[in-house]
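Below is one structure, written out as structure tokens; the observations come after it.
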């Protein structure tokens, strides 16, 4: 295949990516979006092209699928997206290494889940991590502590690396140069890169040759995302090429992406960055757009291979154009464009793709320390297989002052004895510097404000019930 590019303005991008060792298909994929940028496309998706989803299948209606799921288990792999560092929480290594419960990390719990599945099903379901260069070595070092994980793994590799793409100058669309920190010249291309890297790594071909057909893909920070045999049975029996687990939006989800369908009736995923500014209010209308993507996806490798072949290796997922600064926390640094794609947006690529409404318990993400507090608390428990079991019904309005609780180190310093009891809580709002000692119980609606300059301490064993207190 010729490496010539139709637009000479891509030459500097190709040179940078080639010198970095990126494969040709990854370069051509980025060229696809580069062309859209030059054409002035914003990646926005307005209501002139989409509308609400009309009908959604429910997981509660799946009956008699488990046997088919067990029969397909030997053809199935589990893929966890593990490229994130958790920088928003002050972390400098894989977020999956963060303690999810006590001193047990997300990745350790994932390992327990996989080992339990293998033992109960009698099949060696491989676990694969899609890592970044920043997370690979630390994550594999942890997996080395579980030698039994290798018994159902070989010859499938434990990890594969996502690509990276150049950040582009806003005015010229050329790669930026930042010699004082060259790593800032690059960014991850979003988890939509999964399909490209499965192809460029040779992993897709290898898995098919080994007899693997299906993949369950989810985020490493979502402990609710376990392989469900009923859903796998549905995929196998009905030959569904792509299935996305969705669940109902609540007020807390209104700013995140949602499912929609285009004018042809085909399912599409709209992320917040793709919403035109004038449609923001309707985007956040949870009665109009009722479902969001849990990022728990089921994929048929044969269908993926067919689509990649038909599209010359470039799926052409919808572009997400993100504007950032070279140093995100420093607005005086130059503005740059980051081109990304979302894994779930492949739903519009596959003819016959479906969505499935699943219980909220299959979506337990940890994006902030607020999420982490819930997971640490008695509102959740873990079973012997490392699965999260919700204990409390109903939503909890939980707000922690990011100035004092935003990073994991600050968060742990202010909850040195673990989370308070939140089982009977409706809301907990904390503003200011407040330290919680051990054995504290929160009930009803509690609002704590510290307006002083010193740290306030909540004594051990305190019961905070329907309290609104400022000090």
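In the working numbering, the protein residues as written are 124 to 594. Glycine is no exception: its CB is placed at the ideal position from the N, C-alpha and C atoms. This one's a predicted model, so the numbers in the text were calculated from it and none came from an experiment.
Cβ neighbours of residue i in the same chain (closer than 6 angstroms, five flanking residues each side left out)
i           : result
residue 278 : none
residue 538 : 559
residue 565 : 543, 545, 548, 551, 587
residue 575 : none
residue 152 : 319, 437
residue 141 : none
residue 506 : 512
residue 454 : 448
residue 496 : 542
Spatial distance of residue i from residue j (CA atoms)
i           : j           : result
residue 131 : residue 415 : 40 angstroms
residue 241 : residue 339 : 15 angstroms
residue 216 : residue 344 : 13 angstroms
residue 165 : residue 178 : 29 angstroms
residue 326 : residue 552 : 47 angstroms
residue 468 : residue 593 : 46 angstroms
residue 301 : residue 308 : 6 angstroms
residue 491 : residue 523 : 10 angstroms
residue 138 : residue 128 : 12 angstroms
residue 276 : residue 337 : 15 angstroms
residue 161 : residue 154 : 10 angstroms
residue 236 : residue 261 : 20 angstroms
residue 188 : residue 353 : 5 angstroms
residue 508 : residue 267 : 19 angstroms
residue 444 : residue 244 : 43 angstroms
residue 204 : residue 590 : 41 angstroms
residue 572 : residue 251 : 45 angstroms
residue 315 : residue 149 : 12 angstroms
residue 385 : residue 173 : 4 angstroms
residue 209 : residue 269 : 24 angstroms
residue 463 : residue 567 : 42 angstroms
residue 192 : residue 185 : 12 angstroms
residue 527 : residue 214 : 15 angstroms
residue 534 : residue 584 : 19 angstroms
residue 502 : residue 419 : 22 angstroms
residue 525 : residue 211 : 11 angstroms
Contacts around residue i, its chain only, beta-carbon distance under 8 angstroms, and the 5 residues preceding and following it disregarded
i           : result
residue 498 : 223, 224, 346, 487, 489, 511
residue 478 : 176, 179, 180, 366, 367, 368, 369, 382, 390, 414, 470
residue 411 : 175, 405
residue 109 : The question about residue 109 has no answer, for the chain in this structure spans 124 to 594.
residue 298 : 135, 136, 139, 289, 290, 291, 292, 308
residue 358 : 195, 337, 366, 421, 423
residue 124 : Because residue 124 carries a pLDDT of 39, less than 50, the predicted location of this residue cannot be relied on, and the following value inherits that uncertainty. 147, listed in sequence order.
residue 335 : 198, 199, 200, 249, 279, 424
residue 516 : none
residue 578 : 556, 557, 558
Bridge-paired residues (DSSP) for residue i
i           : result
residue 406 : Paired residues: none, contrary to the question.
residue 477 : 366
residue 179 : Residue 179 is not bridged to any residue.
residue 554 : 572
residue 157 : In the DSSP output, where bridge partners are listed per residue, residue 157 has none listed.
residue 398 : Answer is none; residue 398 lacks a bridge partner.
residue 339 : 201, 421
residue 414 : 371
residue 587 : 565
Contact with chain B by residue i, beta-carbon distance below 7 angstroms
i           : result
residue 382 : Included in the structure is just one protein chain, with no chain B present.
Residues of its chain near residue i, where Cβ-Cβ distance is below 7 angstroms and the 5 sequence neighbours each way are ignored
i           : result
residue 407 : 377, 378
residue 145 : 286
residue 393 : 168, 173, 380, 381, 383
residue 311 : 206, 255, 285, 287
Per-residue burial, residue i [other beta carbons within 10 Å of its own, 16 or more giving buried]
i           : result
residue 362 : exposed
residue 207 : buried
residue 285 : buried
residue 430 : buried
residue 483 : exposed
residue 375 : exposed
residue 397 : buried
residue 322 : buried
residue 304 : exposed
residue 259 : buried
residue 100 : A question about residue 100 goes unanswered here, because the residues of the chain that appear run from 124 up to 594.
residue 373 : exposed
residue 348 : buried
residue 459 : buried
residue 231 : buried
residue 351 : buried
residue 317 : buried
Taking only runs that begin and end inside the stretch 416-449, name each unbroken alpha helix (DSSP H) of 4 or more residues, in chain order. Secondary structure remark: continuous alpha helix (DSSP H) runs of at least 4 residues inside the stretch 416-449, in chain order: 424-433.
Enumerated in chain order, which unbroken segments of the beta strand (DSSP E) with a length of 3 residues or greater are wholly contained in the stretch 181-225? 199-205, 222-224
Enumerate, from N- to C-terminal direction, the unbroken beta strand (DSSP E) stretches of 3 or more residues contained entirely within the stretch 228-283. 250-254
Residue ranges of each alpha helix (DSSP H) run of no fewer than 4 residues wholly in the stretch 452-519, ordered along the chain? 492-499
Quick one: which unbroken alpha helix (DSSP H) runs of 4-plus residues sit fully inside the stretch 525-552? Chain order, please. 525-528, 531-537
What are the complete alpha helix (DSSP H) segments, minimum 4 residues, inside the stretch 284-345? 316-323, 326-332
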